Amino acid sequence: MAKKPLERLAPEELIGLMDEADGRALRAVAVARRMLAKAAGSAAKSLKSGGRLIYLGAGTSGRLGVLDASECPPTFSASPGQVVGVMAGGMKALYSAAEGAEDNMGLGQEAVRKLRVGPHDMVVGITASGTTPFVLAGLSEAISRGADAWLLSCAAKKPAHAGVKVINLNTGREVIQGSTRLAAGTATKLALNRISTGAFVQMGKVYGDLMVDVVPSNVKLVKRAVGIITEIARCTEAEAAEALSESGGRPKVAALMLMRGIGCHAAEALLEENGGFLRDAIGEV
Numbered sequence: 040m041a042k043k044p045l046e047r048l049a050p051e052e053l054i055g056l057m058d059e060a061d062g063r064a065l066r067a068v069a070v071a072r073r074m075l076a077k078a079a080g081s082a083a084k085s086l087k088s089g090g091r092l093i094y095l096g097a098g099t100s101g102r103l104g105v106l107d108a109s110e111c112p113p114t115f116s117a118s119p120g121q122v123v124g125v126m127a128g129g130m131k132a133l134y135s136a137a138e139g140a141e142d143n144m145g146l147g148q149e150a151v152r153k154l155r156v157g158p159h160d161m162v163v164g165i166t167a168s169g170t171t172p173f174v175l176a177g178l179s180e181a182i183s184r185g186a187d188a189w190l191l192s193c194a195a196k197k198p199a200h201a202g203v204k205v206i207n208l209n210t211g212r213e214v215i216q217g218s219t220r221l222a223a224g225t226a227t228k229l230a231l232n233r234i235s236t237g238a239f240v241q242m243g244k245v246y247g248d249l250m251v252d253v254v255p256s257n258v259k260l261v262k263r264a265v266g267i268i269t270e271i272a273r274c275t276e277a278e279a280a281e282a283l284s285e286s287g288g289r290p291k292v293a294a295l296m297l298m299r300g301i302g303c304h305a306a307e308a309l310l311e312e313n314g315g316f317l318r319d320a321i322g323e324v
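Start counting the sequence shown at 40; every next residue gets the next number (my numbering).
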């Protein structure tokens, strides 16, 4: 930490300290690689079985869970409700602090009950301290319902419950003590990226590094989708745009139509036969 009080540091010195702390956050995520890989695999298993990936958190941790959940539908064409972010205090707590809600164990249990969590679901409790009552109570309720329960924390080293799998991100002391929106928040966002991205990659939602299940919901994303199809099918932009239109705005289906010279319904069936993996449907090794 700084030898001088933070308020006596020059801006560049302060930012240097934050750089060091974020470096620790990145290293903490790397150390947790094995458990994060297991979590991604478990999430893929849940989603493939018709279950959900559910994030449960309060404060910064809850907001990061909601953020990750909200990015899955446009990025991977995830169905509504496949990835769910639950915030202590409700969605209004996204923009207006409701810190007291994190201490309410009953609210955590109720949130899980309202979602009708079951054996096919994976519930990830997110709490930097590892002690948030709302989160721990929600995980306990999830376990009682047969769900796959995980705790993502920057402090917890022992399971809060015998049935909880723990991902510990040892980010160390914050530049501003207790401000978990800093290094802990950075590490948490990185970890959630790995869990959700790892899960959807295992479900065939990409082709190489291309986002073939992107939802072209605006001009920029339509252009991106056309570019993806053009790159895969080695076709003109006009051909890609036409196929995208015929496919109902689904780049993966459009690319397969062009690659195999088939119609939309045949492409859909071929993808289904191959578990949604475009590379397998094309017939590439």
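Even glycine gets a Cβ: it sits at the ideal position worked out from N, Cα and C. Every value quoted in this text rests on a predicted model; they were computed, and no experiment measured them.
| Query | Result |
| --- | --- |
| Simplified DSSP assignment, three categories, for Leu103 | helix |
| Contact under 8 Å by Cβ, Leu295 with Leu260 | no |
| C-alpha distance - Glu213 paired with Leu221, whole-angstrom precision | 7 Å |
| Nearest-angstrom Cα separation, counted from Ile182 out to Lys204 | 11 Å |
| Own chain partners of Pro119 with C-beta closer than 8 Å, once the 5 adjacent residues on each side are dropped | Pro112 |
| Nearest-angstrom Cα separation, counted from Gly145 out to Ala67 | 32 Å |
| Cβ neighbour criterion (16 or more within 10 Å) applied to Met130 | exposed |
| Backbone CA spacing between Trp189 and Ala140 [nearest angstrom] | 21 Å |
| Residue from Arg102, Leu86 and Thr171 with nearest C-alpha to Asp35 | This structure does not reach residue 35, given that the chain is present from 40 up to 324, and the question cannot be answered. |
| Under the three-state DSSP convention, the category Pro50 falls into | helix |
| Those residues which DSSP pairs with Gly89 across a bridge | Note: Gly89 sits in no beta bridge, so no partner. |
| Cβ-Cβ distance between Ala238 and Ala79 below 8 Å | yes |
| DSSP-derived helix/strand/coil call for Met40 | Legend: pLDDT at Met40 = 47, less than 50; position of this residue unreliable, no value from coordinates given. |
| Of the residues Ser256, Arg155, Met161 and Asp107, the one placed nearest Ser81, counting alpha carbons only | Met161 |
| Simplified DSSP state of Met242, which is helix, strand or coil | coil |
| Whole-angstrom distance between Ala308 and Ile234, CA atom to CA atom | 29 Å |
| Cβ of Lys244 within 8 Å of any chain B Cβ | Absent from the structure is chain B; it holds one protein chain and no more. |
| Residue range of the unbroken beta strand (DSSP E) whose run includes Ile165 | Met161 to Ile165 |
| Beta-carbon spacing of Leu208, Gly164 below 8 Å | no |
| Inter-stretch contact (C-beta, 8 Å, three-pair minimum) for the stretch 251–260 and the stretch 278–294 | yes |
| DSSP state of Asn257 mapped onto helix, strand, coil | coil |
| For Tyr94: DSSP bridge partner residues | Gly124 and Val163 |
| Per-residue burial, Glu180 [other beta carbons within 10 Å of its own, 16 or more giving buried] | buried |
| Segment limits, beta strand (DSSP E) that includes Asp187 | Asp187 to Ser192 |
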